[in-house]
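S.K.:
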Ligand code: ADP
Ligand code: MG
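Residue numbers (this note's numbering): 29 to 282.
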């Protein structure tokens, strides 16, 4: 589904990602994890053409990202950014409807089917009561759910989500993970999720991709990658920390 060949990328002429290779199968639920600044967001942005590599290529369904038009790419990959600056005052409904843009003509308007899908998705993400609310008047978690709902109505076979659980309370975290798991199960959606929650990754994801200093240091089945032996050195956890088989981390008090 997604193949990355020998990808290198620099910020301000300083090499950051170097010679990254990766293959992600269709229908994979992949937890992308790693310390702050390890390159997780950079990798996802490269996968949606928000950043341009210095060399190498990213293929989606065998076709280079550069050969997709913006509209084609939006039908193939949806992306939920880590944060989004609110520049225009749109309502929740209008924001989620933007996910349908790739399916509407240049001057096209929303169809009855678009409206039905948006309303269903607002129900599913518990946003229906907020549909007329402006984005600036939402809590962090409500805004996060709005951005996830916008990506859902895009109905792309690949979804990339950058820390989608960051602002959510525990019930909504599970709710969103359940919705994503259902998309994977029902539609065969390929999911890449940046997470910091090991137990959540172990419960939902089948694959884990660990990054360190701009490189992929481990990639494979969650149960094999998210072990104490791998987590502790990757996240710089010393002997005071313990990681159990469910991914729960404890630190002994001094
Ligand atoms: P992560 O998502 O893993 O926390 P990022 O991919 O956002 O990390 O960032 C990786 C590294 O690149 C960090 O050291 C960060 O400071 C740096 N970085 C991110 N964006 C820029 C930018 N626009 N210009 C220069 N450096 C950046
Ligand atoms: Mg990030």
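Even for Gly, the Cβ is constructed at its ideal location relative to N, Cα and C.
#1: Going by other Cβ atoms of all chains shown within 10 Å of its Cβ, with 16 needed for buried, is residue 57 buried or exposed?
#2: For the ligand MG, enumerate in chain order all residues having a CB closer than 7 Å to any of its heavy atoms.
#3: Residues bridged to residue 32 by DSSP?
#4: Please list the terminal residues of the continuous beta strand (DSSP E) segment that includes residue 246.
#5: Does the contact criterion of 3 or more C-beta pairs under 8 Å hold for the stretch 77 to 88 versus the stretch 253 to 270?
#6: In angstroms with no decimal places, state the Cα-to-Cα distance between residue 63 and residue 75.
#7: Inspect the beta-carbon positions of residue 236 and residue 254 and report whether they are closer than 8 Å.
#8: Can you tell me whether DSSP reads residue 280 as helix, strand or coil?
#9: Between which two residues does the beta strand (DSSP E) harbouring residue 236 extend?
#10: What separation, rounded to the nearest whole angstrom, lies between the Cα atoms of residue 174 and residue 67?
#11: State buried or exposed for residue 244, treating a residue as buried only when at least 16 other CB atoms are found within 10 Å of its CB.
#12: For the ligand ADP, is there a heavy atom less than 7 Å away from the beta-carbon of residue 243?
#13: Quick one: give me the first and last residue of the beta strand (DSSP E) that residue 190 is part of.
#14: So residue 108 and residue 227 are in contact, right, with Cβ under 8 Å, and what is the actual spacing, rounded?
#15: Near residue 181, what residues of its chain come up, given a Cβ to Cβ distance below 7 Å and the 5 sequence neighbours on each side ignored?
#16: Please name the residue or residues paired with residue 271 in a DSSP beta bridge.
#17: Which term fits residue 37, buried or exposed, when burial requires 16 or more other beta carbons within 10 angstroms of its beta carbon?
#18: Looking at residue 240 and residue 190, is the spacing between their C-beta atoms short of 8 Å?
#19: Would residue 170 be called buried (16 or more neighbouring beta carbons within 10 Å of its own) or exposed?
#20: Distance, Cα to Cα, residue 221 vs residue 151?
#21: Return the residue from the list 49, 39, 53 and 90 that minimises the CA-CA distance to residue 65.
#22: Quick one, which of 29, 183 and 91 has its alpha-carbon nearest residue 354's?
#23: If we call anything under 8 Å between Cβ atoms a contact, is residue 219 one with residue 275?
#24: Residue 136 to residue 177, Cα distance in whole Å?
#25: Distance check for residue 211 and residue 217, CA to CA, integer angstroms please.
#26: Is DSSP giving residue 253 helix, strand or coil here?
M.R.: Taking the coordinates as given:
#1: Residue numbering aside, residue 57 sits at position 29 when the chain shown is read from its first letter. By the 10 Å Cβ count, residue 57 comes out buried.
#2: 68, 69, 110, 190, 191 and 222
#3: Working through the chain shown from its first residue, we reach residue 32 at position 4. In DSSP, residue 32 forms a bridge with 50 and 86.
#4: Taking the first residue of the chain shown as position 1, residue 246 is located at position 218. Taken as a continuous stretch (DSSP letters only), the beta strand (DSSP E) holding residue 246 covers 243 to 249.
#5: no
#6: Stepping through the chain shown from its first residue, residue 63 is reached at position 35. Stepping through the chain shown from its first residue, residue 75 is reached at position 47. The alpha-carbon atoms of residue 63 and residue 75 are separated by roughly 20 Å.
#7: Position 208 of the chain shown holds residue 236. Position 226 of the chain shown holds residue 254. Closer than 8 Å, so yes.
#8: In the chain shown, the residue the question calls residue 280 occupies position 252. Residue 280 falls in the coil class under three-state DSSP.
#9: If you number the chain shown from 1, residue 236 lands on position 208. Run containing residue 236: 235 to 240, per the beta strand (DSSP E) assignment.
#10: Position 146 of the chain shown holds residue 174. Position 39 of the chain shown holds residue 67. Taking the straight line joining both Cα atoms gives about 25 Å.
#11: On the chain shown, residue 244 is found 216 positions in, with the first residue counted as 1. It counts as buried.
#12: Counting from one through the chain shown, the residue named residue 243 turns up at place 215. No, the ligand ADP has no heavy atom inside 7 Å of this Cβ.
#13: In the chain shown, counting from the first residue as 1, residue 190 sits at position 162. Taken as a continuous stretch (DSSP letters only), the beta strand (DSSP E) holding residue 190 covers 186 to 190.
#14: One-based indexing of the chain shown puts residue 108 at position 80. One-based indexing of the chain shown puts residue 227 at position 199. The Cβ separation is near 21 Å, so there is no contact.
#15: In the chain shown, counting from the first residue as 1, residue 181 sits at position 153. Excluding residues within five positions, the ones whose Cβ falls inside 7 Å are 124, 127, 128, 145, 146 and 149.
#16: In the chain shown, residue 271 corresponds to position 243, counting from 1. 277, per the DSSP bridge assignment.
#17: The count along the chain shown starts at 1 and reaches residue 37 at position 9. Buried, because 16 or more other Cβ atoms sit within 10 Å of the Cβ of residue 37.
#18: Locating residue 190 in the chain shown gives position 162, where the first residue counts as 1. Locating residue 240 in the chain shown gives position 212, where the first residue counts as 1. Their beta carbons are not under 8 Å apart, which means residue 190 does not touch residue 240 by this criterion.
#19: Counting from one through the chain shown, the residue named residue 170 turns up at place 142. Buried.
#20: The residue you call residue 221 lines up with position 193 of the chain shown. The residue you call residue 151 lines up with position 123 of the chain shown. Computed Cα separation, rounded: 23 Å.
#21: For the purposes of this step, residue 65 is taken as the residue at position 37 of the chain shown. Residue 65 has its Cα closest to that of 39, out of 49, 39, 53 and 90.
#22: The requested residue 354 does not occur in the structure, where the chain is confined to residues 29 to 282.
#23: Along the chain shown, read from residue 1 onward, the residue named residue 219 stands at position 191. Along the chain shown, read from residue 1 onward, the residue named residue 275 stands at position 247. Against a cut-off of 8 Å, the Cβ pair of residue 275 and residue 219 comes out as no contact.
#24: For this step, residue 136 is matched to residue 108 along the chain shown. For this step, residue 177 is matched to residue 149 along the chain shown. Approximately 21 Å, taken between the alpha carbons.
#25: One-based indexing of the chain shown puts residue 217 at position 189. One-based indexing of the chain shown puts residue 211 at position 183. Rounded to the nearest angstrom, the two C-alpha atoms are 6 Å apart.
#26: The sequence position of residue 253 within the chain shown is 225, counting from 1. Correct three-state label for residue 253: helix.
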